[in-house]
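Below you'll find the structure, written out as structure tokens, and then a few comments.
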Amino acid sequence: MDFKALADEVIKGYEIANEEAMQILECPDEEILELLNSAYIIRKHYYGNKVKLNMIINTKSGACQENCGYCAQSRDSTNPIEKYRMMQKDEIVEGAERAYQLQSGTYCIVASGRGPTARELHQVTSAVKEIKEKYDLKICACLGILKPGQAEQLMEAGVDRYNHNINTSENHHDAITTSHSYQDRVGTVGKVKEAGISPCSGVIVGMKETKQDVIQMALALKELDADSIPVNFLHAMEGTLLAGTDELTPVYCLKVLSLFRFINPTKEIRISGGREVNLRSLQPLGLYAANSIFIGDYLTTAGQEGTKDHQMLKDLGFEIDYVGSGRPI
1 MDFKALADEV IKGYEIANEE AMQILECPDE EILELLNSAY IIRKHYYGNK VKLNMIINTK
61 SGACQENCGY CAQSRDSTNP IEKYRMMQKD EIVEGAERAY QLQSGTYCIV ASGRGPTARE
121 LHQVTSAVKE IKEKYDLKIC ACLGILKPGQ AEQLMEAGVD RYNHNINTSE NHHDAITTSH
181 SYQDRVGTVG KVKEAGISPC SGVIVGMKET KQDVIQMALA LKELDADSIP VNFLHAMEGT
241 LLAGTDELTP VYCLKVLSLF RFINPTKEIR ISGGREVNLR SLQPLGLYAA NSIFIGDYLT
301 TAGQEGTKDH QMLKDLGFEI DYVGSGRPI
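Under the UniProt record's numbering, the first residue of the sequence shown carries the number 1, and numbering increases by one thereafter.
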């Protein structure tokens, strides 16, 4: 398959067919550089050599009533993670200072649970208002399924983006969780869009889904018109339903990132959780398809040291893309 010619057509507005998507995922390993170069043609057209940095703070850990099979915070998990209630406002604000120091453009405020209580939402909105006064950061909240009116409260506080991942395909959803539906997730993305908040929604690859499921994930996010798409690669945790699952190779992860770029050419594609353990020494290559990464730790797993991420970008010749207007791009 002539991936370069396909990339040129995508830039002109062509939407790839299912057969072409499958050929990307089934690209022979020895042709991975050709595929990555083609994905980079699209990425460079829309984003140049800039990379967006995002940092997560886990403001509430564990004790989640959902039964997601990948998550160490799930009610069914026996993993001995640290558990704590919603952080105080000052702690959340302090996290923003670290995000700013790490040259992150987006600070992601995350909390476990099905959705925020009124008190928890107040903690977040109060912190967001103070952060916006102090730091030139974009704020992304990830608090679960929202109740009526909550998206509007987040918008009024200054939240720029809301993350709620579809995680997997609609067809594979019930194999991963049954405590909420696929439509619950899609509905929350719709609510934040209606409130005027930029939608962020992504996936977790490596949860025993098929290649067709992966294609459907990318197409579903195209239909949802998610502005930012985090692509997570399963880091199977002990004590979870998916413990011991190890289906991914670094080269296959690169094919997945390329697929998401081809299907969602204009969107922010972020290499997210599990990149260190799944892409391993090939992490730098992922940024020829993606244009965004998380810096620092994830929710319950450690990430690569921020200084190593900065060095990786420097070695690649990429520039950090500051989202805020108060810092130079």
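For every residue, glycine included, the Cβ atom is placed at its ideal position computed from N, Cα and C.
The residue among ALA21, ILE229, GLN183 with its C-alpha nearest the C-alpha of MET1 is ALA21.
Judged by DSSP in its simplified three-state form, LYS138 adopts strand. Look at LYS4 here: in three-state DSSP terms it is helix.
Of the residues assessed, TYR288 falls on the buried side of the cut-off, its CB having 16 or more other CB atoms within 10 angstroms.
Around the C-beta of TYR107, 16 or more other C-beta atoms lie within 10 Å, and the residue is accordingly described as buried. Rounded to the nearest angstrom, the gap between the Cα atoms of ARG98 and MET237 is 27 Å. When the alpha-carbon of SER258 is set against those of ARG43, ASP76, GLU15, the nearest one is in ARG43. Collapsing the DSSP output to three states places LEU285 in a helix. If you check the CB distance, TYR182 and GLU194 do not come in under 8 Å. Counting C-beta atoms within 10 angstroms of its own C-beta, ARG75 has fewer than 16 neighbours from the protein chains shown and is therefore classed as exposed. Residue PRO265 holds the alpha-carbon nearest to the alpha-carbon of TYR47 among PRO265, LYS147, LYS222. If you draw a straight line from the Cα of LYS89 to the Cα of THR210, it is about 42 Å long. In the assembly as shown, ASP213 is a buried residue. Its beta-carbon has 16 or more other beta-carbons within 10 Å. Per DSSP, GLU94 is one residue of the alpha helix (DSSP H) stretching across 89-101. Its chain contains PHE233, ASN278, LEU279 as the residues whose beta carbon lies nearer than 6 Å to that of CYS253, once the 5 sequence neighbours on both sides are disregarded; these appear in chain order. The C-beta of THR178 has fewer than 16 other C-beta atoms within 10 Å across all chains shown, which makes the residue exposed. Only residues of its own chain outside the window of five on either side were considered, and among them TYR107, VAL128, VAL159, ASP160 have a CB closer than 6 Å to the CB of ILE139, listed in chain order. Beyond the five residues adjoining it in sequence on each side, THR78 comes within less than 7 Å, by CB distance, of GLY239 in the same chain, given in chain order. Contact between the stretch 146-155 and the stretch 29-44 is absent: fewer than three C-beta pairs spanning the two stretches fall below 8 Å.
Taking 8 Å as the cut-off, the Cβ atoms of ALA63 and SER104 do not count as close. By the C-beta density criterion, TYR84 is exposed, having fewer than 16 other C-beta atoms within 10 angstroms.
Distances from the alpha-carbon of HIS172 to those of ILE16, ILE215, ALA226 put ILE215 closest. Secondary structure within the stretch 140-205: the beta strand (DSSP E) runs of 3 or more consecutive residues, fully enclosed, are 161-163, 198-200, 203-205 (chain order).
Spatial neighbours of GLY274 in its own chain (CB-CB distance under 7 Å, excluding positions within 5 residues in sequence) are listed in chain order as ASN232, PHE233, LEU234, HIS235.
Looking at the backbone, the Cα of THR307 and that of GLU276 are separated by about 14 Å.
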